[in-house]
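Asker: So the sequences go chain by chain: G and Y.
Per the working numbering, residue 84 is the first one in the first sequence, and the count goes up by one each step.
Per the working numbering, residue 320 is the first one in the second sequence, and the count goes up by one each step.
Where a beta carbon is used, it is the ideal one built from N, C-alpha and C, also for glycine.
Below you will find the structure I want to go over with you.
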Amino acid sequence: MVPLNWYLILAAALFCIGLFGVLARRNAVAILMGIELMMNAVIINLVAFWRYLQPTQITGQVFAVIVFAVAAAEVSVGLALIISIYRRRNSVVAEEMNLMKW
Amino acid sequence: MQIQTLVWLIPFPPLLAFFLIWLFANRSKALSHTLAIVLMAVSWLISLYVFLSAFATEHFGKDVFASSVPWLPTGGSTLNMGVLVDPLTAAMLFFVPLTCLLIFIYSVGYHNFGQRLDAHDVQGAGSPAHNGVEPMYSRFFAFLSLFAFGMLLLVVADNLLMLFVGWEVMGLCSYLLIGFWHGRNYDDPKKITPRQAAVKAFMTTRVGDVLMMLGIVYLYFQTGTLSFREILYNEEVLHHLATTPSYVVGLSVAGLVGLLLFAGAVGKSAQFPLHVWLPDAMEGPTPVSAMIHAATMVSAGVYAMARMFPLLSAGWHEGGPLTPPMMAMGIIGSFTALFASTIAVSQRDVKKVLAYSTISQLGYMIAALGIGAYVAAAFHLITHAFFKALLFLGSGSVIHGVEHGMHHSHEHIDPQDMFNMGGLRKKMPVTFWTFLIGGFALSGFPFITAGFWSKDEILADAFANGPLVFWVLALSALLTGFYTMRQISLTFLGEPRTESAEHASESPWTITTPLVILSFFAIVAGWVGIPAAFPGLGQFVSSIRLGVLPFNFFHEFVGGTLLEQPEALPFDPFPLAASIVVGLGGLTLGWLVYGWKPLKSGQADPLAKPLGPIYTLLENKYYFDELYDFLFVRSTRWFSEVVVYQVMDKLIIDGVLHTVARVAYAAGNFFKGAEKYTINDPPDYLAKFTQWIGGSFRVIQTGRVQNYLLIVMLVAIAFGGVYYLMLSGWVK
């Protein structure tokens, strides 16, 4: 059987890719996508820990499902915001969203 | 209604009139004078009723109308406010409201009611050359009403404090009324203006008033009461006051209080040396002169003295040595009588002659009180009020007529100067005849006029009690006759000396009616005092009975005021002969000098040449105004300018204040510096430091989420690294 560490390394790699996307990309949609990746890395961790440490209980799966739901809600709100900004300013570049900056 | 309640009501209708005119009626001239006259008439009717009730009461002197209520509780005792009608008050109540009422009616005509308002007239200018209605007509009636209130309050008062209140109300009103034509100015700078005259009258009477108030306070301090009944009708109190020594060596309390009260009367009744205000008070409108100089204010002084007579004479008995206040009254009164009548001989102004004559007659009354002739003084007070009011109102009518003439002739002359008149007998017959009656009453024309009987009684008393006073008074009676005839001759006899006098016309009925009524009393008022001992006539009038009293009731009635009814004098032909001789003699002399050959226009006074410098001295009133100006006015000014202003104010008070200010300023500066370095600056620097830090850290607040996240990541990595090292045991 594949050891737990492998899953954890996969999740960490996925998290780092997402983090890089969030930090480095200028496009707000891409940043949102980075966040999705990070979220998925977390889900992998949750499921992996559940399977290897407490497979008798259902909590890990439930937690994963809740995170899915939260992620879906988050994406829908985030995309709606981005579309709204795009309609007003004709841009999705994160740095240009500076209306409330001092 | 009880009679006491009615007495309370006597003074108040004029006060009501004052407030009504002042607050509501002042825009309507007709309403104002109607209110004043109607309410005065109410007062008069009540007074008359009270007088008649008093008259019908047997032994009224023992059974007076009195009532009082507590007014001011002052610790141990209470000052009461009350009214008292005894025979003296009743006699006053007979003539005061009556003359006031007549003067009110007279004022309507005097101020040209019914004429149009003159377009050029300004308030307070008193326009003699125009015949428009007085612009401040309503105000005049308001003031007159207040004046009448003051006098009536004084008359019915049953204590010295209320009397003093009325006294001061009159002082104020006389100030307001003398200065009524406050806008008037004269070309001659030496001639006193109404403004100055008002101030002069007020200040001069104030001298007496302050002394009088001291007397009242001292009396209160000694007896604990100011009520007339408790002091004057109480032998024990009087005896106590007369025997207790006062602060002044040689004077009893009664003596000192009496002298102080007399000082008040000297001011109010214009006795020497405080007589100077009264002649200048002639600057007021003529009804005011009549009011002040006949019916009310000046007689208030004599009335107060008569009222306080038991105190003034405490310790004196008929024929005994006089008390110090009586001595002072005898000397000052008789001196004033002579002194003022000499001045009156040389005056040109028709009203000033009367003013000095008033001073002289008041001196008569004061002198009479001084020698103990209580009833004679009260009698002369009443007859004098009638004929002097008549003379003043008559002179006002003359002035009015001449002013009317000036309106025709367009001359610029002094309408009050007798040398500008002459021949008014034919132009103003009613005024002439009434003035003649008044003048004859003043000079004591024998047997008919009121003045003769009252003056004769004073002279008879003086002859019996103080021969020196008798001779002085007789001499001044001679002068009185002389200047009265001079005045009548210059004003009414001969031919008109100016065109204005030529065009003078009789005054309206509102003026002449009061004259006629007063001239009736100027004759009849004397008959009630014909001595019973007078041969023939005395027995006759005594046999006529009016109720409980004989027709010549005055002596018995007013004498009843005193604890001990004064004895009527036995008949003595010498003073009677003397008073006939001086009265007729003065009139004859006056006729010989002025009436025999009437003066022509521009002719000087025939007395000026033979008398020479004496005439100048008299004409200038013995230079008393100048003397007082030098002694009091200038020295006060010098004192205020040099001592008070330069030394006390600028040097001492200002110096101290400026030093204090400089010290305070320096101390303030010091504390200001200290405050800056200790309290003010540190927080300022703290604030600046905080601001600087904030400014420095501001740059990391980029507003970019990605930057923040980067920092978060780096910090997380750093913490993670540290954690890892700690777990590994490399870092303890």
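Does the beta-carbon of R626/Y have 16 or more other beta-carbons within 10 angstroms, so that it is buried, or is it exposed?
Answerer: Burial call: buried.
Asker: Cα separation between A317/Y and S773/Y?
Answerer: This structure does not reach residue 317/Y, given that chain Y is present from 320 up to 1051, and the question cannot be answered.
Asker: If you drop the 5 nearest sequence neighbours on each side, which residues of the same chain put their C-beta closer than 8 Å to that of S959/Y?
Answerer: Result list for S959/Y: empty, nothing under 8 Å.
Asker: Beta carbon of P606/Y, beta carbon of S426/Y: below 8 Å?
Answerer: Going by C-beta atoms, P606/Y is nearer than 8 Å to S426/Y.
Asker: Jot down the residue ranges of each uninterrupted alpha helix (DSSP H) in the stretch 419-500 of chain Y, minimum 4 residues, whole runs only, in chain order.
Answerer: Runs found: 456-475 and 479-497.
Asker: Output needed in chain order: residues of the stretch 161-182 of chain G with a Cβ under 7 Å from some Cβ in chain Y.
Answerer: Cβ contacts with chain Y: A177, E178 and N181.
Asker: Would you check if the distance between the CB atom of G620/Y and the CB atom of P513/Y is smaller than 8 Å?
Answerer: Cβ atoms of G620/Y and P513/Y: not closer than 8 Å.
Asker: Hey, could you find the ends of the alpha helix (DSSP H) G757/Y is sitting in?
Answerer: That run of the alpha helix (DSSP H) goes P748 to S762.
Asker: From the DSSP output, in three-state form, read off W635/Y for me.
Answerer: In the structure shown, W635/Y sits in coil (DSSP, three-state: anything other than H, G, I, E or B).
Asker: Would K893/Y be called buried (16 or more neighbouring beta carbons within 10 Å of its own) or exposed?
Answerer: Reading the sequence as shown, one finds Phe at residue 893/Y and not Lys. With fewer than 16 other Cβ atoms within 10 Å, it is exposed.
Asker: Determine the burial state of A448/Y: buried for a count of at least 16 other Cβ atoms within 10 Å of its Cβ, exposed for fewer.
Answerer: Note that A448/Y has pLDDT 47, beneath the 50 cutoff, so the model's placement of it is unreliable and the number below is only indicative. A448/Y comes out exposed.
Asker: Check for me: the beta strand (DSSP E) holding P389/Y runs from which residue to which?
Answerer: F384 to T393 is the span of the beta strand (DSSP E), which, as asked, contains P389/Y.
Asker: Determine the burial state of V572/Y: buried for a count of at least 16 other Cβ atoms within 10 Å of its Cβ, exposed for fewer.
Answerer: Answer is buried; the Cβ neighbour count reaches 16.
Asker: Between which two residues does the alpha helix (DSSP H) containing V402/Y stretch?
Answerer: Looking at the DSSP string, V402/Y is not in any alpha helix (DSSP H); the run it does join, the beta strand (DSSP E), is S396 to V404.
Asker: Using DSSP with H/G/I as helix, E/B as strand and the rest coil, what is S826/Y?
Answerer: S826/Y falls in the coil class under three-state DSSP.
Asker: Could you check what DSSP says for D1003/Y in three-state terms: helix, strand or coil?
Answerer: DSSP places D1003/Y in helix when its eight states are reduced to three.
Asker: Could you tell me the boundaries of the alpha helix (DSSP H) in which E883/Y lies?
Answerer: Taken as a continuous stretch (DSSP letters only), E883/Y belongs to no alpha helix (DSSP H), as it is neither H nor E.
Asker: List the residues of chain Y whose Cβ lies closer than 8 Å to the Cβ of L106/G, in chain order.
Answerer: Simply Q1025, L1028, L1029 and M1032.
Asker: Kindly list, in the order they appear in chain Y, the residues whose Cβ is closer than 9 Å to that of L102/G.
Answerer: Near L102/G (Cβ distances below 9 Å), the residues of chain Y are L1028 and M1032.
Asker: Considering just the uninterrupted stretch of the alpha helix (DSSP H) at P734/Y, what are its terminal residues?
Answerer: Looking at the DSSP string, P734/Y is not in any alpha helix (DSSP H), and its letter there is neither H nor E.
Asker: Tell me whether K509/Y is buried or exposed, calling it buried when 16 or more other Cβ atoms sit within 10 Å of its Cβ.
Answerer: Exposed: under 16 other Cβ atoms inside 10 Å.
Asker: Taking a cut of 9 Å between CB atoms, which residues from the stretch 1009-1024 of chain Y lie near chain G?
Answerer: If the cut-off is 9 Å between Cβ atoms, the stretch 1009-1024 of chain Y has R1017, Q1020, T1021, G1022, R1023 and V1024 near chain G.
Asker: Considering only C-alpha positions, which residue in the set W363/Y, G1040/Y and M455/Y is nearest to A498/Y?
Answerer: In the sequence on display, residue 498/Y carries Gly and not Ala. With distances taken between Cα atoms, G498/Y lies closest to M455/Y.
Asker: Taking Cβ to Cβ, would you say L578/Y is nearer than 8 Å to P643/Y?
Answerer: It is a contact, given that the beta carbons lie within the stated cut-off.
Asker: Tell me which residue opens and which closes the alpha helix (DSSP H) that G905/Y is part of.
Answerer: Taken as a continuous stretch (DSSP letters only), the alpha helix (DSSP H) holding G905/Y covers P892 to G909.
Asker: Can we say the stretch 165-185 of chain G touches the stretch 337-349 of chain Y, given the rule of at least three CB pairs closer than 8 Å?
Answerer: Output reads no: the stretch 337-349 of chain Y does not touch the stretch 165-185 of chain G.
Asker: Would DSSP call L865/Y helix, strand or coil?
Answerer: L865/Y falls in the strand class under three-state DSSP.
Asker: In this structure, how does DSSP classify D507/Y when only helix, strand and coil are distinguished?
Answerer: D507/Y: coil per DSSP, three-state reduction.
Asker: Is it right to say W1011/Y is buried, meaning 16 or more other beta carbons lie within 10 angstroms of its own, or is it exposed?
Answerer: Classification of W1011/Y: exposed, given that the 10 Å Cβ count is below 16.
Asker: For the alpha helix (DSSP H) containing K928/Y, list its first residue and its last residue.
Answerer: First-last of the alpha helix (DSSP H) with K928/Y: A927 to L930.
Asker: Ignore the nearest five residues each way along the sequence and tell me which others in L837/Y's own chain have a CB closer than 8 Å to its CB.
Answerer: T418, L421, F705, F706, A708, L709, L712, T753 and G757, listed in sequence order.
Asker: Apply the 10 Å Cβ neighbour rule to P640/Y and answer buried if 16 or more other Cβ atoms are within range, or exposed otherwise.
Answerer: Exposed.
Asker: Which class does V176/G belong to by DSSP, given the choice of helix, strand or coil?
Answerer: Of the three classes helix, strand and coil, the one that applies to V176/G here is strand, per DSSP.
Asker: Apart from the five residues just before and just after L856/Y, which ones in its own chain have a Cβ nearer than 7 Å to its Cβ?
Answerer: I849, listed in sequence order.
Asker: Find the nearest neighbour of A156/G within the set L91/G, I118/G and A124/G, judged by alpha-carbon distance.
Answerer: Of the listed residues, the one whose Cα sits closest to A156/G is I118/G.
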